[in-house]
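A short write-up of the structure that comes next.
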Amino acid sequence: MKNENHARLPHMLGALSHANQYLKAFSMAAMAIAGLTLVVLIIGVTRPPVVLTLLPSGEVLERTALPKAEDQVRVAIRHYLGKRYQWEPATVKQKLQEAQAFILPANTKAYQAAVANVSRFATEKQVSQRVYPEKTEVSLEKKTVAVTGDRITTIQGLRAAGSLNLELSFEFGARSQTNPWGIYITKERELQ
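Just add 531 to wherever you are in the sequence shown, counting from 1, and you've got this note's numbering.
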């Protein structure tokens, strides 16, 4: 029986050695696959992402140049004029309060004092006002905007048309939800 065990032992060692060669080959193949996966992962991570921006209709949105600062100031001033100079007796307080988003916090008290008389007069005398700006000239160097156009004021049902001739001084500041342009009016001056 001892001879049989001795005869089996070399056979078992040979089979074990043969199985060990398979394990070595499989482990080398697994390391090669892991290394290849790591290289593919590094290449994929270092590439910039592909971002597809779509319009609500599903069309691809093309990349455009940044808007000009003058155009952004014009849009902000038109929005401000819509809040500050276009109101009805019922909405004058709300509109003037919304226009306050375009006033720097340091100038808020002066603005509130200036529009308090407008608000009171508009509600007592049933005054409504509309402005129609025709020309808006922006000077970024001087930080001023010259607005010309027409103004229609209705007092107790009687309409009066006049010219709108404003010079607005502005500053750039923090953007907010109510003032996404970051344009703040520092001074208003009506020109003759």
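The beta-carbon is built from N, C-alpha and C at its ideal position, and this holds for glycine as well.
Quick caveat, the model's predicted, so the values are computed rather than measured.
Counted as a single uninterrupted DSSP element, the stretch harbouring glutamine 687 is not any alpha helix (DSSP H), since DSSP gives it neither H nor E.
In the three-state scheme derived from DSSP, where H, G and I count as helix and E and B as strand, arginine 615 is classed as helix.
With a beta-carbon spacing of about 15 Å, glutamate 702 and arginine 720 fall beyond the 8 Å limit used to define contacts. Alanine 630 and threonine 709 have their C-alpha atoms spaced approximately 9 Å apart. A check of alpha carbon separations from proline 620 across Leu695, Lys656, Gly713 and Leu597 identifies Lys656 as the nearest.
Leucine 612 is classed as buried because its beta carbon has at least 16 other beta carbons within 10 Å across all chains shown. In this structure, DSSP gives glutamine 723 a state outside helix and strand, which the three-state scheme calls coil.
Per DSSP, the beta bridge partners of tyrosine 715 are Glu702. Note on lysine 626: 16 or more other CB atoms within 10 angstroms of its CB, so buried under the neighbour-count rule. A residue is called buried once 16 or more other Cβ atoms fall within 10 Å of its Cβ, and leucine 695 is buried on that count.
Cβ contact annotation for serine 650 (same chain, cutoff 7 Å, sequence separation greater than five): Val623, Lys624 and Leu627, in chain order. The way I'd put it, the segment 633-647 does touch the segment 711-719; three or more beta-carbon pairs between them come closer than 8 Å. Comparing alpha-carbon positions, the option among Ala644, Asp681, Gln687 and Arg682 lying closest to threonine 654 turns out to be Gln687. Taken through DSSP and simplified to helix, strand or coil, lysine 666 comes out as strand.
Contact annotation, lysine 674 with serine 700: C-beta distance approximately 6 Å; criterion of less than 8 Å satisfied. The Cβ-Cβ distance between isoleucine 608 and threonine 679 does not fall below 8 Å. Membership of glutamate 655 in the alpha helix (DSSP H) is indicated by the continuous run 639-656. Within a 10 Å sphere around the beta-carbon of serine 659 sit 16 or more other beta-carbons, which makes this residue buried. Out of Val669, Leu722 and Ile683, the CA that lies nearest to the CA of alanine 600 is found in Val669.
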